[in-house]
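Q:
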Amino acid sequence: RELNDPLKILPLFQKDMIAEFPEDRIMIMPFEQGPPFAAPIEIRVVGPNLDVLKHLGEQLRFLLSEIEQVTYTTATLSGSSAQLSVYPKDNKLALLNMRNQDLPLQLNGKLKGIDAGSVMEGSTEVPIMVRVNNRVRADLDRLTTSTVVASGSQYAGYAGIPLEQVADIRLEPSPANINRHQGERVNTVSGFLLPYTYPSLAIAEFRQRLESAAIVVPEGYRIQFGGEEEERGEAVGNIISTFTMYLWLMVAVIVLSLNSFRYAGIIGIIGLSSIGLALLGVWLSGHPFGYMALIGTLGLIGLAINGGIIVLSALKANQLAVLGDSEAIVLVVMDSTRHIVSTTVTTIGGFLPLILSGGQFWPPLAMSIAGGVAGSAILALYLVPAMFTHFSRKDARRRMANTSAAVAANRPAPAVLIEAPLVESPER
9 RELNDPLKIL PLFQKDMIAE FPEDRIMIMP FEQGPPFAAP IEIRVVGPNL DVLKHLGEQL
69 RFLLSEIEQV TYTTATLSGS SAQLSVYPKD NKLALLNMRN QDLPLQLNGK LKGIDAGSVM
129 EGSTEVPIMV RVNNRVRADL DRLTTSTVVA SGSQYAGYAG IPLEQVADIR LEPSPANINR
189 HQGERVNTVS GFLLPYTYPS LAIAEFRQRL ESAAIVVPEG YRIQFGGEEE ERGEAVGNII
249 STFTMYLWLM VAVIVLSLNS FRYAGIIGII GLSSIGLALL GVWLSGHPFG YMALIGTLGL
309 IGLAINGGII VLSALKANQL AVLGDSEAIV LVVMDSTRHI VSTTVTTIGG FLPLILSGGQ
369 FWPPLAMSIA GGVAGSAILA LYLVPAMFTH FSRKDARRRM ANTSAAVAAN RPAPAVLIEA
429 PLVESPER
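Just so it is clear: in the sequence shown, position 317 is 325 by the working numbering, and no numbers are missing.
1) Once you ignore the five residues that flank Gly65 on each side, which residues in its own chain have a CB closer than 6 Å to its CB?
2) Considering only the alpha carbon of each residue, which of Met395, Ala221 and Tyr229 lies closest to Ala272?
3) Thinking just about the alpha-carbon of each residue, which of Ile49, Ser293, Asp59 and Glu74 is nearest to the one in Trp370?
4) Does the beta-carbon distance from Ser376 to Gly276 come in below 9 Å?
5) Where are the alpha helix (DSSP H) runs, 4 residues long or more, that stay fully inside the segment 169–203, in chain order?
6) By a C-beta neighbour count over all protein chains shown, 10 Å radius and 16 as the cutoff for buried, is Lys23 buried or exposed?
7) From what residue to what residue does the alpha helix (DSSP H) around Thr84 run?
8) With Ile401 and Gly332 assumed to form a contact (beta carbons below 8 Å), what rounded beta-carbon distance in angstroms separates them?
9) Confirm, please, whether the CB-CB distance from Ser265 to Ile309 is below 9 Å.
10) Bridge partners for Arg93 per DSSP, in chain order?
11) Which value, in whole angstroms, describes the spacing of the CA atoms of Leu209 and Ser350?
12) Do you know how far the Cα of Glu192 is from the Cα of Leu179?
13) Is Leu320 near Ile337, with beta carbons less than 9 Å apart?
14) Under three-state DSSP, which class holds Ser131?
15) So what does Gln232 bridge to, in DSSP terms?
16) If you reduce the DSSP assignment to three classes, tell me which class Met258 lands in.
17) In the DSSP assignment, find the alpha helix (DSSP H) that holds Arg346 and state where it starts and stops.
18) Let me know the secondary structure DSSP gives Ala164 once reduced to three states.
19) Would you please state the rounded distance, in angstroms, between the beta carbons of Ala312 and Gly279? I believe it to be under 8 Å.
20) If you follow the alpha helix (DSSP H) that His63 is part of, which residue opens it and which one closes it?
21) In its own chain, which residues sit with a C-beta less than 6 Å from the C-beta of Asp32, not counting the 5 before and 5 after it?
22) For chain C, find out if any of its Cβ atoms is closer than 9 Å to the Cβ of Arg139; answer yes or no.
23) Identify every residue that forms a DSSP beta bridge with Ser126.
24) State the beta-bridge partners of Val156 as determined by DSSP.
25) I need the DSSP call for Val144, collapsed to helix, strand or coil.
26) From Tyr299, Asn314 and Gly307, pick the residue whose C-alpha is nearest to that of Pro372; which is it?
27) Which residues in the same chain as Leu115 place their Cβ atom closer than 6 Å to its Cβ, once the five residues preceding and following it in sequence are excluded?
28) Can you name the start and end residues of the alpha helix (DSSP H) that Glu76 belongs to?
29) With Leu71 and Arg188 assumed to form a contact (beta carbons below 8 Å), what rounded beta-carbon distance in angstroms separates them?
30) Helix, strand or coil for Ile34? Go by DSSP, reduced to three states.
31) Can the beta-carbon of Phe297 be found less than 9 Å from the beta-carbon of Leu287?
32) Do Asp123 and Met137 have their C-beta atoms closer together than 9 Å?
33) By DSSP, does Ile26 sit in helix, in strand, or in coil?
34) For Glu239, which of Pro38, Phe39, Pro19 and Pro48 has the nearest alpha-carbon?
35) Where does the unbroken alpha helix (DSSP H) through Ala210 begin, and where does it stop?
36) Measure from the alpha carbon of Ser506 to the alpha carbon of each residue in Glu129, Asn185 and Phe29, then state which is nearest.
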């Protein structure tokens with residue numbers, strides 16, 4: 009085994025821990041990217057009845073455990089705790105002139121206690137609670153033989169009647185906790201994966217198994233997906249909404265600095281093309297397009313348009329280039345090439361350590377930025393001059409047409425020679 013490669017050793021280590029300690033839950037967690045989440049896979053079953061929620065949760069948990077990459081599964085309603093249930097005997101309570109609610113009130117007073125006032129110790133007020141001793145509270149037999157008193161009883165020396173005579177007392181399992189999601193009862197089934205396993209692939213396989221399984225979801229119940237998928241979508245949405253605002257500010261600055269919507273459109277084309285080049289770099293590296301790759305792609309846009317702005321500003325400053333002169337445009341681009349190539353090489357060189365030995369966290373970000381910067385340099389040196397030449401020559405032709413029209417309009421009208429016929433005078 010290669011001890012220096014956690015991508016190979018951690019999944020094997022996780023399997024060894026499962027085989028060595030089957031009764032414990034030991035998870036080997038690598039350093040991950042993206043927003044935090046309780047479990048990579050979360051399936052929420054929402055509905056009113058706890059028994060139905062528990063039954064559906066167990067079915068989904070079984071399907072989830074059949075996926076090879078899943079190590080452990082849990083459900084919030086799978087665990088239970090002991091609960092003392094008291095079922096009143098209505099007939100006997102009626103004979104004693106007692107109501108059903110009298111039993112829980114008296115039991116609450118015995119177990120939790122009744123407020124009996126307070127005592128002052130110096131400047132501190134200490135409350136006084138009256139309840140049965142701990143031996144009765146901890147022993148089920150003692151509690152069932154403890155007495156309850158009928159309301160309004162006036163018999164002298166009346167100590168009450170044992171609780172077991174007026175109610176059935178059972179020790180039953182109950183849910184350890186009842187969770188709610190947006191005000192509704194929910195049973196959350198969680199799944200944990202082997203290290204370096206993509207949750208999206210495991211969720212896709214689970215969806216296929218869920219469609220093929222004959223699990224009937226009753227009316228009023230629904231299944232929702234959370235975990236890494238939900239947190240990632242929320243985080244990406246927040247980033248995109250924030251980035252959109254700054255994108256409009258960036259567009260305004262470029263338009264004002266270049267004083268042209270057409271030239272700003274050229275820069276915008278470079279920015280959009282750099283996104284595709286960043287995705288190409290991540291794809292060529294073999295890394296997934298995750299949270300860090302998205303951050304790198306969005307941060308790349310500012311770097312990518314820098315080269316295009318430099319070339320475009322240099323072309324606008326040259327009068328011959330503005331007129332569409334090919335030789336002047338070539339000279340300007342060659343003069344800008346040295347600066348653009350040097351900045352591109354230094355930028356990529358700065359990210360090489362992260363690309364070569366950055367583990368699984370930094371390489372997606374580094375590859376997205378490096379790939380986009382390399383491609384944007386090519387766009388700045390080839391696409392920008394070509395589009396600038398097109399617009400410059402189009403403007404030059406328009407100016408020539410306008411000039412010709414103006415000259416034609418201001419030219420004096422040509423003289424017209426009219427030959428009048430000779431008229432002979434009559435002879436005198």
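All C-beta atoms, glycine included, are put in the ideal place defined by N, C-alpha and C.
A: In terms of the structure at hand:
1) Val53, Ala83, Leu85, Asn195 and Val197
2) Met395
3) Ser293
4) no
5) 171–174
6) exposed
7) Taken as a continuous stretch (DSSP letters only), Thr84 belongs to no alpha helix (DSSP H), as it is neither H nor E.
8) Just to set this straight, residue 401 is Arg in the shown sequence, not Ile. Confirmed, Cβ separation roughly 4 Å.
9) Not a contact, by the Cβ cut-off of 9 Å.
10) Residue 93 is actually Ser in this sequence, not Arg. Beta-bridge pairing links Ser93 to Arg178.
11) 41 Å
12) 28 Å
13) no
14) coil
15) Note: Gln232 sits in a beta bridge opposite Arg52.
16) helix
17) Ser334 to Ser365
18) Because Ala164 sits at a pLDDT of 49, beneath the cut-off of 50, its placement in the model cannot be relied upon, and the following sentence gives the value as read from the coordinates. Note: Ala164 maps to coil in three-state DSSP.
19) 6 Å between Cβ atoms; contact.
20) Per DSSP, His63 belongs to the alpha helix (DSSP H) from Leu58 to Ser73.
21) Within the same chain, and ignoring the five residues on either side of Asp32 in sequence, no residue has its Cβ closer than 6 Å to its Cβ.
22) The chain labelled as chain C is not found in the depicted structure, where only one protein chain is given.
23) Pro135
24) Ile169
25) helix
26) Its Cα nearest to that of Pro372, the residue Tyr299 stands out among Tyr299, Asn314 and Gly307.
27) none
28) Neither: Glu76 is in no alpha helix (DSSP H) and is coded neither H nor E.
29) Wrong, their Cβ atoms sit about 24 Å apart, outside the cutoff.
30) coil
31) For Phe297 and Leu287, yes; Cβs fall inside 9 Å.
32) Against a cut-off of 9 Å, the Cβ pair of Met137 and Asp123 comes out as a contact.
33) helix
34) Comparing C-alpha distances from Glu239 to each of Pro38, Phe39, Pro19 and Pro48 shows the shortest one belongs to Pro48.
35) Pro207 to Ser220
36) Lying outside 9 to 436, the shown extent of the chain, residue 506 is not represented and no answer is given.
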